[in-house]
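Asks:
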Amino acid sequence: MNTKIANLEHSKTLELAKEFGKRGYDVSVNPSREELPEFLQKLGYQPDLVARSPTSNLVIEVKSRRTIRDAKILAVVSRELESHKNWEFLLVYTNPRKSNAID
Numbered sequence: 408m409n410t411k412i413a414n415l416e417h418s419k420t421l422e423l424a425k426e427f428g429k430r431g432y433d434v435s436v437n438p439s440r441e442e443l444p445e446f447l448q449k450l451g452y453q454p455d456l457v458a459r460s461p462t463s464n465l466v467i468e469v470k471s472r473r474t475i476r477d478a479k480i481l482a483v484v485s486r487e488l489e490s491h492k493n494w495e496f497l498l499v500y501t502n503p504r505k506s507n508a509i510d
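Here you go:
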């Protein structure tokens with residue numbers, strides 16, 4: 408992956424972690440396999456963030472225009488989370504401004 412794209416996605420991931428932490432979530436950035444619920448472990452999926460609270464659990468993926476092309480697993484993860492109470496999937500799509508486009 409292009410370093411600029413990786414940096415853009417990483418920066419957004421850290422920004423989201425901080426934001427959800429302020430909202431009272433317990434946030435794991437690039438959680439280890441052991442930190443994931445069993446149903447995600449079985450899928451072999453590694454999210455960018457997992458944010459947990461007593462009432463809501465979020466699986467968050469940060470993608471750019473270029474990296475979204477390789478993300479077929481995201482539809483599978485989204486469908487899986489629909490069957491688990493208090494779990495949601497968030498896809499955060501981030502792109503550089505046109506003047507900084509990375510194509």
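Residue 500 in the numbering used here is what sits at position 93 of the sequence shown, and the numbering runs on without skipping anything. Ideal Cβ positions, reconstructed from N, Cα and C, are used throughout, including at glycine. If you're wondering where the values come from, they're calculated on a predicted model, not measured in any experiment.
Kindly list the residues whose CB is nearer than 8 angstroms to the CB of residue 416, restricted to its own chain and excluding five residues on each side of it in sequence; keep chain order.
Replies: 455, 469, 470, 471, 474 and 501
Asks: Might you give, ordered along the chain, the residues of its own chain that have their beta carbon closer than 6 angstroms to the beta carbon of residue 499, omitting 5 neighbours on each side?
Replies: 469
Asks: Any idea if residue 465 is buried or exposed, counting beta-carbon neighbours within 10 angstroms, 16 or more meaning buried?
Replies: buried
Asks: DSSP state of residue 414, grouped into three classes?
Replies: helix
Asks: Figure out for me which residue from 446, 445 and 436 has the closest Cα to the Cα of residue 457.
Replies: 436
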